[in-house]
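Below is one structure, written out as structure tokens; the observations come after it.
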Amino acid sequence: MASRQHVAMTGNEAVAHAMRQINPDVVAAYPITPQTDIVQFFSQFVADGVVKTEFVTVESEHSAMSATIGAAASGARAMTATSSQGLALMWEMLHIASGYRLPIVMPVVNRTLSGPINIHCDHSDTMGALTTGWIQLYSESAQEAYDNMIQAVRIAEHPDVQLPVMVCQDGFITSHGIENLEVLSDEEVAQFIGEYKPVYSVLDVNRPITVGPLVLPDYLFEMKFQQAKAMEAARRVILEVGKEYGRLTGREYGFFEGYRLEDAERVIVVLSSTAGTTRVVVDELRRKGEKVGLLKPRVIRPFPASELREALSHARAVAIMDRAETFSTQGGPLFCEIRAAFYDAPERPLMRNYIFGLGGRDVGTSQIEKVFADLAADLARGSVKTPVSYLDVRE
Amino acid sequence: MGKIIEIRWHARGGQGAKTASTLLAETCHAAGKYVQGFPEYGPERMGAPMRAFNRVGDDPITIHAPVEHPDFVLVLDPTLLGSIDVSEGLRPGGTVLINTTLSPEEARKRLPLKEGKIATVDASGISLATIGRDIPNTPMMGALMRLSGIIPFDLFLETIRKDLLKKFHGRTNVVEGNLKAIKRAYEEVKSE
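Line by line, the protein sequences are chains A and B. Residues 12 to 406 (our numbering) make up the first sequence, in order. Residues 662 to 853 (our numbering) make up the second sequence, in order.
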């Protein structure tokens with residue numbers, strides 16, 4: 012495509028479109044609901060000869076990630092895509108991808124983990140993968156899923172980072188819903204991501220390396236330290252790439268997005284598609300003169316603790332919403348990490364947690380209105396009565 | 662922000678409501694609107710009641726939730742009237758459009774609405790006559806255009822023709838049949 016276009020696409024179609032424009036050397040993938048469309052659309056591109064990608068059909072997600080790792084280690088720009096059980100089946104290989112410092116980009120269409128079996132959206136799959144050493148970007152809409160895919164390539168491949176990236180969007184809600192977005196021209200994407208020049212490759216005979224050797228107590232620790240440093244470097248690179256993407260498209264990306272946040276007294280923090288629904292409620296309540304706002308995290312790994320603290324410091328009451336139950340009995344992962352970020356702050360807003368939307372439970376404007384109302388009640392009381400609650404569940 | 666028109670489709674699995682919501686979204690997008698089109702994903706059983714949704718407006722649409730208060734409810738299968746409340750959450754002044762041979766007055770006996778209007782069109786009969794198969798979803802869109810005026814009808818016809826040509830890989834007889842069905846439903850829909 013020679014020019015930018017306004018299109019109507021599903022989130023999955025938008026991601027597949029980005030993959031076509033990225034034109035990776037290798038894609039190894041296995042279909043799973045609700046990610047299936049991505050692989051289906053992409054395999055059509057391969058069949059039509061519009062990408063030069065070597066498409067590897069594999070027998071499982073464990074093999075998909077293994078093949079992607081092999082391809083990336085040999086210097087290829089390599090991708091796969093998954094959801095839910097597929098991500099779970101990749102588990103050990105996820106750590107190997109990040110531990111080998113392979114810049115793989117993987118769209119993940121968020122779906123709950125079994126059991127019982129359920130194909131619908133929550134974030135239990137990727138929230139479980141917070142410790143795998145992957146960078147995680149979350150997308151509110153098809154537009155953001157598309158934009159994040161293109162930026163993810165640059166972030167992953169940056170010489171100071173060299174880490175794999177998950178690009179998450181909400182299963183069915185955005186993956187299967189058609190909406191408007193603007194896509195770049197093929198040339199613009201090619202220019203933005205640039206030609207891939209791997210820092211290391213096992214096929215580079217002039218610069219021989221070893222991938223995957225046994226590393227004993229004398230060096231393993233140093234390698235993990237370097238990996239942590241790379242995650243630290245990713246903080247800078249994510250912002251640089253987000254700014255550059257903003258100059259190109261007018262859509263700048265950071266660690267998170269605030270919506271009517273500057274003077275908000277009550278704030279909801281929520282990821283992905285629910286942030287879009289929350290915007291509508293923020294506008295409604297603002298029309299009634301209520302000082303409410305939204306903070307939508309985009310980047311969870313690395314975790315932008317100081318920036319989140321700064322952005323929320325003026326708020327009086329904050330509701331952090333987790334679309335995953337991690338059974339700590341102390342609230343969801345986003346809640347625990349944001350609360351920890353405030354430990355050293357001189358002043359802290361009231362904070363409470365909602366576990367919500369598990370297994371695709373709908374979240375509409377009325378649920379979001381209730382959360383803002385609960386925050387108002389906390390403020391009136393001067394304390395949080397229920398730090399962790401379950402939104403719209405039959406108790 | 663301008664008004665967003667919200668639409669809920671009721672059908673049975675296999676009757677084409679998902680395709681209809683997709684096609685409506687694509688067509689309205691091509692006509693310059695901001696759109697959403699998405700089905701409710703359930704067990705996906707042939708014949709089971711299912712819903713699909715559209716939103717159409719002049720500004721970006723950020724809400725990501727099923728339509729709770731539709732301006733228009735489109736019932737592809739009249740046998741659903743007895744088993745589910747298709748009018749649930751209907752916005753005051755909203756319309757329930759039913760694919761049936763009944764008149765709106767007769768249909769009201771089957772669907773005692775408190776608020777809102779009933780409109781009827783024999784979309785199945787029209788599609789049998791024009792397409793040769795019972796595929797009521799495109800004529801239902803024609804009737805919707807008459808009732809809603811979401812986009813000017815000429816523009817709708819022009820854009821859906823392009824969409825259908827793409828969808829049916831240039832099989833012009835199928836496309837022409839659908840266009841005829843859309844035009845007939847636009848003419849024949851009756852509203853209270």
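Ideal placement from N, C-alpha and C gives every residue a C-beta, glycine not left out. The model shown is predicted, which means the values in this text are computed figures rather than measured ones.
Would you grab the beta carbon distance between A/Ser94 and A/Ile43 for me? Rounded to a whole angstrom, and I think it's under 8 Å.
In this structure A/Ser94 is in contact with A/Ile43, their Cβ atoms being roughly 5 Å apart against a cut-off of 8 Å.
DSSP puts A/Arg334 in a beta bridge; with which residues?
Checking the DSSP bridge columns, you'll see A/Arg334 has no partner listed.
In or out: B/Gly754 buried (at least 16 other Cβ within 10 Å) or exposed?
Only exposed fits B/Gly754, as fewer than 16 other CB atoms lie within 10 angstroms of its CB.
Taking the straight line between their C-alpha atoms, what separation do you get for A/Arg312 and A/Ile249?
Distance between the alpha carbons of A/Arg312 and A/Ile249: 11 Å.
Does A/Ala25 get closer than 9 Å to chain B when you measure Cβ to Cβ?
Among the CB atoms of chain B, none fall inside 9 Å of the CB of A/Ala25.
Going by other Cβ atoms of all chains shown within 10 Å of its Cβ, with 16 needed for buried, is A/Arg15 buried or exposed?
Counting C-beta atoms within 10 angstroms of its own C-beta, A/Arg15 has fewer than 16 neighbours from the protein chains shown and is therefore classed as exposed.
Chain-ordered chain A contacts of B/His671 [CB-CB under 9 Å]:
The premise fails here: B/His671 is roughly 17 Å from chain A at the closest Cβ pair, so nothing lies under 9 Å.
Completely contained alpha helix (DSSP H) runs for the region 312-359 of chain A, where each covers 4 or more residues:
If we require 4 residues or more, the alpha helix (DSSP H) runs fully inside the region 312-359 of chain A come out as 316-323, 344-352.
Euclidean distance between Cα positions of A/His73 and A/Leu100:
Their backbone Cα atoms lie some 6 Å apart in a straight line.
Among B/Arg845, B/Trp670, B/Leu825, nearest to B/Ile787 - alpha-carbon criterion:
The shortest Cα separation from B/Ile787 among B/Arg845, B/Trp670, B/Leu825 belongs to B/Arg845.
In the structure shown, what three-state DSSP assignment does A/Gly60 receive?
Correct three-state label for A/Gly60: coil.
Of the residues A/Glu295, A/Val292, A/Asp355, which one's Cα is nearest the Cα of A/Ser317?
Just measuring C-alpha positions, the residue of A/Glu295, A/Val292, A/Asp355 sitting nearest A/Ser317 is A/Asp355.
Using a Cβ distance threshold of 8 Å, determine whether the region 256-274 of chain A contacts the region 296-307 of chain A, with at least three qualifying pairs required.
Between the region 256-274 of chain A and the region 296-307 of chain A, the count of Cβ pairs shorter than 8 Å is three or higher; the stretches touch.
Under 8 Å by Cβ, that's how I've got A/Val67 and A/Val26 pegged, so tell me the actual separation to the nearest angstrom.
Their Cβ separation, rounded to whole angstroms, is 18 Å, which puts A/Val67 and A/Val26 out of contact at 8 Å.
Near-chain A residues of the region 692-705 of chain B (beta-carbon distance less than 8 Å), N- to C-terminal order
Correct list: Tyr695, Val696, Gln697, Gly698, Phe699, Pro700, Tyr702.
Comparing C-alpha positions only, which one of A/Arg112, A/Val61, A/Thr91, A/Met177 sits nearest to A/Met234?
Closest by alpha carbon: A/Arg112.
Ignore the nearest five residues each way along the sequence and tell me which others in B/Gln676's own chain have a CB closer than 7 Å to its CB.
So the list reads Leu737, Asp738, once near-sequence residues are dropped.
Can you tell me whether A/Lys307 is buried or exposed? The criterion is at least 16 other CB atoms within 10 Å of its CB, across all chains shown.
Label assigned to A/Lys307: buried.
What does B/Glu687 reach in chain A if we use C-beta pairs closer than 8 Å?
Think of a sphere of 8 Å around the beta carbon of B/Glu687: the chain A residues whose beta carbon falls inside it are Ala19, Ile189, in chain order.
Say whether the region 140-155 of chain A touches the region 357-376 of chain A, bearing in mind that this needs 3 or more beta-carbon pairs closer than 8 Å, one atom from each stretch.
Taking 8 Å as the limit for Cβ pairs, the verdict is that the region 357-376 of chain A does not touch the region 140-155 of chain A.
Alpha carbons only, please: which of A/Leu319, A/Val329, A/Arg320 is nearest the one belonging to A/Gly304?
The residue from A/Leu319, A/Val329, A/Arg320 with its alpha-carbon nearest to that of A/Gly304 is A/Val329.
Beta bridge counterpart(s) of A/Asn364 as assigned by DSSP
Beta-bridge analysis with DSSP links A/Asn364 to A/Ile331, A/Val399.
Name the chain B residues that come within less than 9 Å of A/Thr260, Cβ to Cβ?
The contacting residues do not exist; A/Thr260 stays about 15 Å from chain B at best.
How is the alpha helix (DSSP H) around A/Met76 delimited, first residue to last?
Start and end: 72-84.
Return helix, strand or coil for A/Ala140, following the three-state DSSP convention.
In the three-state DSSP reduction, A/Ala140 falls in the coil class, being neither helix nor strand.
What residue range is occupied by the uninterrupted alpha helix (DSSP H) comprising A/Glu24?
Per DSSP, A/Glu24 belongs to the alpha helix (DSSP H) from 22-33.
Taking only beta-carbon positions, decide if B/Thr683 is within less than 9 Å of chain A.
Under the Cβ criterion of 9 Å, B/Thr683 is counted among the residues facing chain A.
Among A/Val62, A/Glu348, A/Ile349, A/Ala87, the one whose alpha carbon lies nearest that of A/Val213:
Nearest of A/Val62, A/Glu348, A/Ile349, A/Ala87 to A/Val213, Cα basis: A/Ala87.
Looking at the structure shown, is A/Val291 part of a helix, part of a strand, or coil, going by DSSP?
Residue state, collapsed to three classes: helix.
Through-space distance from A/Val278 to A/Gly342, alpha-carbon basis:
In this model, A/Gly342 and A/Val278 are separated by some 18 Å (Cα to Cα).
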